[in-house]
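**Q** 18 is the number of the first residue of the sequence shown in our numbering; add one for each residue after it.
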Amino acid sequence: MAASSSGTSIDFNVVGPFRGRRRLLGLVVALGLGLLGAGVWAHGGGIWPLLLDVAGMSMVCSGTLIWLWASISRWRLGRDIATIEALYGGSQEGVFLVGDGSRHILWMNASATALGHATAGENVARLLADITAQPATLAERLHEMAHASGVARHNVPLDEGDWQASVRPAGHGKMLWQITLQERADTRDDLPFQLVQADRTGAIRYVSPSLVKPDRLRPRRLSDLFDLPLPQPGVLTSLSDRLNGLRHQAMRLVAEDGTETIALLGRAEDVVLEGSDLDALQTLPVAIALIDSDARLSWFNDETQRLLRLRGNSHPSFCELLEGLGRPVEEWLADLRAGRLGTATEVLRTVSPAGERFLQVTLRPYGATGDLLAIMHDATEFKALEAKFTQSQKMQAIGQLAGGVAHDFNNLLTAISGHCDLILLRHDRSDTDYPDLMQIQQNTNRAAALVRQLLAFSRKQTLQFETLDLHDLLADTIHLLNRLVGERVTLTLRYGADMPLIRSDKRQFEQVLMNLVVNARDAMPMGGEVVIETERCHLANGLARDRATVPPGDYAVIRVRDEGMGMSPSVKAKAFDPFFSTKRQGEGTGLGLSTVYGIIKQSGGFIFVDSEEGEGTTFSIYFAAQAPVAQPQNTAPAAKQPAVASVARSTVLLVEDEAPVRSFAARALQLQGHRVLEADCGEAALEILQEPGQRPDVIVTDVIMPGLDGPAWVSQIRDSFPDTPIVFMSGYAEDSRVAAQAAFGKAVFIGKPFSLAEFTQIVNDQLRSVTEAA
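#1: Which residues mark the beginning and the end of the alpha helix (DSSP H) in which F681 is found?
#2: Quick one: grab the DSSP three-state call for E78.
#3: Should Y614 go down as buried or exposed, given a rule of 16 or more other Cβ atoms within 10 Å for buried?
#4: Once the 5 residues before and after L212 are set aside, which same chain residues still bring their CB inside 8 Å of it?
#5: Helix, strand or coil for K191? Go by DSSP, reduced to three states.
#6: Tell me P382's beta-bridge partners as DSSP assigns them.
#7: Rounded to a whole number of angstroms, what is the C-alpha to C-alpha distance between I392 and A220?
#8: Would you say H121 and E139 are within 8 Å of each other, going by their C-beta atoms?
#9: Leaving aside the five residues before and after Y793 along the sequence, list all residues of the same chain whose C-beta is less than 7 Å from its C-beta, in chain order.
#10: So, does the segment 614-632 touch the segment 490-507, judging by three or more C-beta pairs under 8 Å?
#11: Please report the straight-line C-alpha distance between V548 and F640, rounded to a whole angstrom.
#12: State yes or no: is the C-beta of A404 nearer than 7 Å to some heavy atom of the ligand SAM?
#13: When we look at the beta-carbon of L497 and count the other beta-carbons within 10 Å, is it buried (16 or more) or exposed?
#14: Please say whether T718 and G727 have beta carbons closer to each other than 8 Å?
#15: Taking just the CA atoms, how far does D697 sit from E673?
#16: Here's a check: name, in chain order, each residue in its chain whose Cβ is nearer than 7 Å to the Cβ of F482, leaving out the five neighbours to either side.
#17: Once you ignore the five residues that flank L434 on each side, which residues in its own chain have a CB closer than 7 Å to its CB?
#18: Which one or two residues does DSSP pair with L198 in a beta bridge?
#19: Note down the Cα distance separating I196 from R259, rounded to an integer number of angstroms.
#20: State buried or exposed for R381, treating a residue as buried only when at least 16 other CB atoms are found within 10 Å of its CB.
#21: Look at the alpha carbon of R446 and the alpha carbon of M455, and state the distance between them as a whole number of angstroms.
#22: With a cut-off of 8 Å, does the C-beta of Q481 fall near any C-beta of chain B?
#23: Going by DSSP, what residue range makes up the beta strand (DSSP E) through T668?
#24: Contact check, H880 vs D117 under 8 Å by CB: the rounded distance?
#25: Who pairs with G570 in a beta bridge, going by DSSP?
#26: Mind checking A774: buried by the 16 CB within 10 Å criterion, or exposed?
#27: In whole angstroms, give me the CA-to-CA distance for F375 and T507.
#28: Can you give me the Cβ contacts of I767 inside the same chain, cut-off strictly under 8 Å, excluding the 5 residues immediately before and after it?
#29: Tell me which residue opens and which closes the alpha helix (DSSP H) that I495 is part of.
#30: Suppose the cutoff is 7 Å on Cβ atoms and the five residues either side in sequence are ignored; what does the same chain contact list for Y512 look like?
#31: Please state whether DSSP places H444 in a helix, a strand or coil.
#32: Taking the runs of the beta strand (DSSP E) that are 3 residues or longer, which of them lie wholly in the segment 721-750?
#33: Measure the alpha-carbon distance for S183 versus P302 and round it to whole angstroms.
#34: Does the separation of the CB atoms of I716 and T741 fall below 8 Å?
#35: Measuring alpha carbon to alpha carbon, tell me which of S334, M192, A163 and T431 ends up nearest E676.
#36: Taking A423 and V468 to be in contact with their CB atoms under 8 Å, please state how far apart those CB atoms are, rounded to whole angstroms.
Take a look at the structure:
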């Protein structure tokens, strides 16, 4: 059957296993006639001519019967298709005639063709591809149900209506499929403009009926209807309709969940909204307004009233409601009216005491009266994300600055502190210069503490993690904290029951407690109580707050609570920001809470703040509970450490690029009686070791140096000096560089700035370890 005006079918030649094989059938008949002719020609005595006659006659008869059977089947199929076409050719439902055994579509009417799901000759399972993940299985089940009960139906509720497939036997090994879509009544159909709505994947969930012609396929995706990429959200622009070949004045809106709404307001050349059309835009989920020549809102819809917080029927000035982030709004409107701009988009800020809100506003000339059409979209969340991204970039820049400055600054502090220690060796307490030298040393320690705060804030300091008992730690720290709070403030410590161990850097955790207690003290100028309490907490489902997610598990919670003035929501939002302080000029650096945050996050913990104005502030710190660590049993008393003077005179290779630090370290080692080989870089150290007879007893090297750094040059000589102990030193060592010391046996690390006693002690300990091993 060929295609007709009311339906489509495939060319059906032969049914059964011989379908479409007329040439093979003709070949069989010809071969049979040949065998029959051969038998007649060779007729005579013997059995072979008789067998040839029988075989030839059988093949001719079989071929003739098959041809008759195929012709009857073709005639029957044509008759059935003609009957079905007469009954369903003009039906509004999609009707398909399907082979029961092959599952192929034999015929389909015009409505089925317009659906666009399948074509004649395809497997009927193609109709179900958008309905189920296993269309072939569903098609087979529908056929089985139709044979058993006479009819089988399958319903699927869709956004645009109820989809239903009905299957029933049609006789002679065929099935009749009917596909219907009961569309629901939709108020969007009555809008005075055309509307298209799609999900976040671009699949169309609604399209105005006037956009879809009955004789064309229904668009399934936005790419079927419009050219990609789509215009920016909230911008009034022209958009081409691929189905009808028209250009529309259109506006696209993207919701928070990713769903899209595209309003086609009319043809691009004749969009003028007046009277009832403007009234119809009241319910549109997009803020639309008209601005007259005096910059007043002459008309606006409900969404505009909500965004701008307008009251009643007032028509305020557009320039009084919004302010520009760059140039004034008045200049922008003047440029548009003067024709210096076409369609322009700006982000403006609302002028309202109710709260800050940002709007993306698109303006275009409207009509011949000088009015402007404004389309507004809420961009507050976008601006908030932009501000957070900018803040994160600033934080990263400050962190990189802190990490870079720390190395150089700690080198200077090491030189100052070290030479001060050398001078103190020649002065006692009775000397008149002794107080000045001690003042220099104290200020150096304060500067070193400030650098540690910068590194803690940028989370780039090197932490020495250990398992800590909170009770012991707080008991050791409470005396220092009592001296910090002063006489007007009472410090109370409350221990929780069955507290788990935590994992942190002891020195840094003490810094966290001191910063929080000092902040609590400053928040109570008239005095009060600061409470430090601990609690064991089990979070079965975790904890999600303040853009952080605490995983489920057991935690040790430390709370620091005060009775101070509390924080406003705006101050609380910036509490952990670097260099943010509510104290007067010169009373704070703004690094206290940011340092606390950096230490807690680098230690793998979480910190949250709860505060209300006049109700005080509570900082809550969560540390994951740690399993107890088995302590090794000492079978013998520890040997008494020998005095420093007992270390024999040794050769020390000192590699340091900073001359003041190298000078101090060399003099400190020489005062211990050691021979010092000095090098200002890794390359110079390699040259010294190439000289015959140069075998240092210990290597002291800076980590970060120009050219070859400490771990790099040491790795080149480690095979030649496998047992030589190493002391790595640095004012700032990245984790990867510090971790490199684990690759070298007998290697230790000392952080700058260090004192004379600390430096000589660690070098002598390394020398002593070699002596004891020997």
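The beta carbon of each residue, even a glycine, is placed where N, CA and C say it ideally should be. Remember, it's a predicted structure, so these values are computed and weren't measured experimentally.
**A** Reading off the structure:
#1: A676 to L688
#2: The sequence shown places Cys at residue 78, rather than the Glu named in the question. In this structure, C78 counts as helix in the three-state DSSP scheme.
#3: buried
#4: R205, Y223, V224, S225, T278, I279, A280 and L281
#5: DSSP, read as helix, strand or coil, puts K191 in strand.
#6: L389
#7: 26 Å
#8: yes
#9: Any question about residue 793 goes unanswered here, given that the chain covers just 18 to 791.
#10: no
#11: 19 Å
#12: The ligand SAM is absent from the structure shown, which contains no ligand whatsoever.
#13: exposed
#14: It is a contact, given that the beta carbons lie within the stated cut-off.
#15: Taking the straight line joining both Cα atoms gives about 5 Å.
#16: R520, S521 and D522
#17: The question names Leu, but residue 434 in the sequence shown is Ser. Once the five neighbours on either side are set aside, the close Cβ partners of S434 are Q458, T461, P770 and S772.
#18: W180
#19: 27 Å
#20: buried
#21: 10 Å
#22: No chain B is present in this structure, which holds just one protein chain.
#23: Counting along the chain, the beta strand (DSSP E) containing T668 begins and ends at T668 to V672.
#24: This structure gives no information on residue 880, because the portion of the chain shown stretches from 18 to 791.
#25: L556
#26: exposed
#27: 46 Å
#28: Residues V744, F745, M746, E775, F776 and I779 of the same chain have their beta carbon placed closer than 8 Å to that of I767, with the five preceding and five following residues left out of the count.
#29: L487 to V502
#30: Counting only Cβ-Cβ distances below 7 Å, and skipping sequence neighbours, we find H488 and T551.
#31: In the structure shown, H444 sits in coil (DSSP, three-state: anything other than H, G, I, E or B).
#32: Counting only runs of 3 or more, we get 743-747.
#33: 39 Å
#34: yes
#35: Residue identity differs from the one stated: residue 676 is Ala in this sequence, not Glu. With distances taken between Cα atoms, A676 lies closest to T431.
#36: Contact between A423 and V468 holds: their C-beta atoms lie close to 5 Å from each other, under 8 Å.
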